[in-house]
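Q: Submitted below is the structure of interest, expressed as structure tokens.
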Amino acid sequence: MSNSHLFLKPAFITTPGQNGVGRYVCQLQRVVLKFCKNNGSSRGMREFIETKLMDFVKESPEVAVYVKPRRHRTPIIKAEYLNGDTQWVNARNFTEDEILKWLKLLKSQSSDRTGIRLRKLIHTDFPSVQGPWTPYTFRDPQLNKVEFPCPELTGPFINETSATEELLELYKRQKLGNVEESRAE
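Using my numbering, the first residue of the sequence shown is number 19, and each one after it goes up by one.
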């Protein structure tokens with residue numbers, strides 16, 4: 019195990035603003051497509067803008083898309099998120115399909131978290147491969163087939179009558195008590 023994680027900024031795993039709990043809010047706010055009109059490395063970006071950009075905009079109206087031509091520069095996709103983070107993708111010699119895949123990826127993620135060491139709220143020195151312990155971890159598997167109430171599992175503390183039967187009995191006693199009170203009057 020390397021010690022490179024010691025120099026990263028720690029952060030807990032959270033969903034931004036509890037995204038997805040009530041409704042989903044796309045975290046991608048703005049995309050800027052920067053390209054050169056003449057450079058050969060921008061050919062895929064130019065083809066994407068001519069053919070597939072309008073389809074992407076119709077698909078995702080919540081994302082603002084800006085097109086910015088620049089002279090003698092490599093094509094770049096700049097993504098800006100709601101939390102203020104920005105992410106840059108160098109799109110040199112990309113095809114139009116690769117640019118569309120990158121845009122869909124940028125749209126589906128919350129922000130760039132490569133510089134953050136993710137931590138969980140629970141820590142153990144001996145992590146389990148099988149998952150956390152539950153009260154059912156070491157329970158006898160034969161209990162999966164048992165139909166309840168089971169006479170073998172009934173102890174002295176378990177009542178023979180069900181809760182429904184007890185409620186019906188209580189109701190009958192109350193009804194009889196009310197009838198007797200009305201007769202006494």
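Positions of the beta carbon are idealized from the N, C-alpha and C atoms, including for glycine.
What are the start and end residues of each continuous beta strand (DSSP E) run of 3 or more residues lying completely inside the stretch 58-91, in chain order?
A: 82-87
Q: Considering Cα atoms alone, identify which of Trp120, Thr152, Glu184 and Pro167 is closest to Leu46.
A: Trp120
Q: Compare the Cα-Cα distances from Ser78 to each of Gln105, Gly102 and Val49 and report the closest residue.
A: Val49
Q: What residue range does the alpha helix (DSSP H) around Glu116 cover?
A: Glu114 to Ser126
Q: How many angstroms separate the CA atom of Ala97 from the CA atom of Leu51?
A: 9 Å
Q: Are Ser60 and Phe53 touching if we call contact CB-CB under 7 Å?
A: yes
Q: Answer with yes or no whether the minimum CB distance from Asn56 to chain E is below 7 Å.
A: Here chain E cannot be found, since the structure has a single protein chain.
Q: Where does Asn108 sit, in a helix, a strand or coil, going by DSSP?
A: In the structure shown, Asn108 sits in a strand (DSSP, three-state: E or B).
Q: My understanding is that Ile117 touches Ile95, with C-beta atoms under 8 Å, so please give their C-beta distance in whole angstroms.
A: A Cβ-Cβ separation of about 7 Å places Ile117 in contact with Ile95 under the 8 Å criterion.
Q: Using beta-carbon positions only, say whether Glu65 and Glu114 come within less than 7 Å of one another.
A: yes
Q: What do you get for Gly62, buried or exposed, if any count of 16 or more other CB atoms within 10 angstroms of its CB means buried?
A: buried
Q: If the criterion is Cβ atoms closer than 7 Å, does the pair Val75 and Val85 meet it?
A: no
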